[in-house]
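> In the numbering used here, the protein residues as written are 128 to 581. No residue lacks a Cβ here, since even glycine has one placed at the ideal position from N, Cα and C.
(1) In its own chain, which residues sit with a C-beta less than 6 angstroms from the C-beta of residue 263, not counting the 5 before and 5 after it?
(2) What's the C-alpha gap between residue 346 and residue 194?
(3) What are the boundary residues of the alpha helix (DSSP H) that residue 250 is part of?
(4) Whole angstroms is fine: what's the gap from residue 203's alpha carbon to residue 487's?
(5) Contact between the segment 261-278 and the segment 289-305 is defined here as three or more beta-carbon pairs at a separation below 8 angstroms; is this criterion met?
(6) Take residue 379 and list the residues in its own chain whose beta-carbon comes closer than 8 angstroms to its own, dropping the five residues that flank it on each side.
(7) When DSSP labels each residue in this structure, what does residue 576 get in the three-state scheme?
(8) Counting only the same chain and skipping the five closest in sequence on each side, list residues whose C-beta sits under 8 angstroms from that of residue 445.
(9) Apart from the five residues on each side of it in sequence, which residues of its chain come closer than 7 angstroms, Cβ to Cβ, to residue 416?
(10) Taking 8 angstroms as the threshold, find out whether the segment 356-370 comes into contact with the segment 208-216 through three or more Cβ pairs.
(11) Rounded to the nearest angstrom, what separates residue 277 and residue 309 at their Cα positions?
(12) If we count the other Cβ atoms within 10 Å of its Cβ and call it buried at 16 or more, is residue 121 buried or exposed?
(13) Can you give me the C-alpha to C-alpha distance between residue 376 and residue 568, rounded to a whole angstrom?
(14) For residue 439, count neighbouring Cβ atoms within 10 angstroms of its own Cβ and tell me buried if that reaches 16, exposed if not.
(15) By the 10 Å Cβ neighbour count, where 16 or more other Cβ atoms means buried, how is residue 475 classified, buried or exposed?
(16) Spell out a yes or no on whether the segment 524-537 and the segment 548-556 are touching, meaning 3 or more CB-CB pairs, one atom from each, closer than 8 angstroms.
(17) Run through DSSP, which three-state label would residue 420 get?
(18) Relative to the ligand GTP, is the shortest distance from any of its heavy atoms to the C-beta of residue 185 smaller than 6 angstroms?
(19) Please classify residue 512 as buried or exposed, where buried requires at least 16 neighbouring CB atoms within 10 angstroms.
(20) In the DSSP assignment, what are the bridge partners of residue 412?
(21) Is it buried or exposed for residue 401, if we count other Cβ within 10 angstroms and need 16 for buried?
(22) Using DSSP's beta-bridge definition, name the partner residues of residue 397.
(23) Give the secondary structure of residue 368 by DSSP, where H, G and I count as helix, E and B as strand, and everything else as coil.
(24) What whole-angstrom Cβ distance do residue 399 and residue 407 have, given they're in contact under 8 angstroms?
(25) Okay, do the segment 337-356 and the segment 180-197 touch, 3+ Cβ pairs below 8 angstroms being the bar?
(26) For a quick check, are the C-beta atoms of residue 455 and residue 434 less than 7 angstroms apart?
(27) For residue 519, which of helix, strand or coil comes out of DSSP?
(28) Starting from the C-beta of residue 141, find all residues in its chain whose C-beta is less than 7 angstroms away, skip the five residues before and the five after it, and write them out in chain order.
(29) Mind pulling the alpha helix (DSSP H) runs of 4 or more residues that sit fully within the segment 420-469?
(30) Give the single residue among 311, 306, 307, 251 whose Cα lies nearest to the Cα of residue 283.
(31) With a threshold of 7 angstroms between beta-carbons, can residue 392 be considered close to chain C, or not?
(32) In the structure shown, what three-state DSSP assignment does residue 167 receive?
(33) Just grab the DSSP bridge partners of residue 212 for me.
(34) I need the DSSP call for residue 226, collapsed to helix, strand or coil.
(35) What residues are listed by DSSP as bridge partners for residue 532?
(36) Kindly indicate which three-state DSSP category residue 571 falls into: helix, strand or coil?
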């Protein structure tokens, strides 16, 4: 990370050995480090009014969907995140799919999911009045999140405005280097990261994940960088590259290439690295109503799993001779030739196909085996573990829309999960409320609206 105009590669950090920094203290430290006194922030910084982890921290979110998860994460932690859009709303509001299949700027499911818990204003940063208005907002903020092309903040004359503010910049390739100014979609940065090379079936082209992944990885890294920057008295520039964020998804692959010149390839449903003789083991299997994850393995837990599988098959009268003949106390999968692996897997496959995902999961839990069903979206919503931890929250995105399930906060703090407090904002929904907090009266706001500034 670099700050505005100065090097801050070494970031001050605080650690307490043998103790836990509780939520109230962490919130106080995060929100007062390097803060500027102002009536708006002083009112919000009162812990008795807002006891959340980041209560008192205002964040201005200028990012598109490539960086919106950063602001959403900070909002989930209690920050007052204000989504700043151009008049009329940002283009990402029209990204499908839409609630009820009705194309509308308030119904984009992706936009809604990334902007829950935020308030929203409109501001034309391309106009002098808009930039002056934004400067008044920025004076009350600790953090600004943006995803403009590198250099755009300077072109708008906002670098000086944000000199005392933490700026989190999330772009495809970062703020410098030969690709800094190159635009990049999720597919492009995933390909550039090397992650795409590993996804899919052997002998076929790489396959992208059905939902974009880079916005979530880079957004979470941006939020992490912001939390670290809050601990420093010196304003920081947090520079997040989506390409670099996606490279962390598969850290062993580049290292293995550098050490052994061995290129990890696409293996589809098979595992690598479990054999000394080049054999591969199936890790994804068809079951009665989907797929399960299971593999023949050695070691203490792998041998236990194999022994329990044989007993389970025997209970159902289905244990094949090739399975029954194995001495699981000394089983070593690392030396099995591929022909023997194939024979074992051919014997196991019919048994797994006879089980539902629920039957498989209940069976492996009961027997303390390795294995897990491959869940789909409906499985996640119904997952008893997530429900027991009160993970899913229900909220109507807007008046007249049906309630939708939203993920709650990603962690519990002092035993409590951060709330889903408000739906994603409508275009300019909080203009009057938020601009009043920085001294913009009704008359001035009406003038700005008539001029197309808000």
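So, from the listed chains and residues:
(1) 565
(2) 5 angstroms
(3) From DSSP, residue 250 is part of no alpha helix (DSSP H); its letter is neither H nor E.
(4) In a straight line, the C-alpha of residue 203 is about 35 angstroms away from that of residue 487.
(5) Because the criterion of three Cβ pairs below 8 angstroms is met, the segment 261-278 and the segment 289-305 touch.
(6) 391
(7) helix
(8) 477, 478, 481
(9) 483, 484
(10) no
(11) 9 angstroms
(12) This structure does not reach residue 121, given that the chain is present from 128 up to 581, and the question cannot be answered.
(13) Whole-angstrom Cα-Cα distance: 48 angstroms.
(14) buried
(15) buried
(16) yes
(17) In this structure, DSSP gives residue 420 an extended state, which the three-state scheme calls strand.
(18) Among the ligands in the structure shown, none appear at all, so the ligand GTP cannot be discussed.
(19) exposed
(20) 419
(21) It counts as buried.
(22) 409
(23) strand
(24) Contact holds; Cβ gap of about 6 angstroms.
(25) yes
(26) Their beta carbons are under 7 angstroms apart, which means residue 455 touches residue 434 by this criterion.
(27) strand
(28) Below a pLDDT of 50, predicted positions are generally treated as unreliable, and residue 141, at 29, falls in that range; the measurement from the model is reported next regardless. Answer for residue 141: 358, listed in chain order.
(29) Listed in chain order, the alpha helix (DSSP H) runs fully inside the segment 420-469 are 426-442, 448-451, counting runs of at least 4 residues.
(30) That would be 251, whose Cα lies nearest to the Cα of residue 283.
(31) This model lacks chain C altogether, as it is built from one protein chain only.
(32) The pLDDT assigned to residue 167 is 37, lower than 50, so where the model puts this residue is not dependable; a value taken from the coordinates is nonetheless given after this. The answer is helix: DSSP assigns residue 167 an H, G or I state.
(33) 249
(34) In the three-state reduction of the DSSP assignment, residue 226 falls in the helix class, which pools H, G and I.
(35) 521
(36) helix
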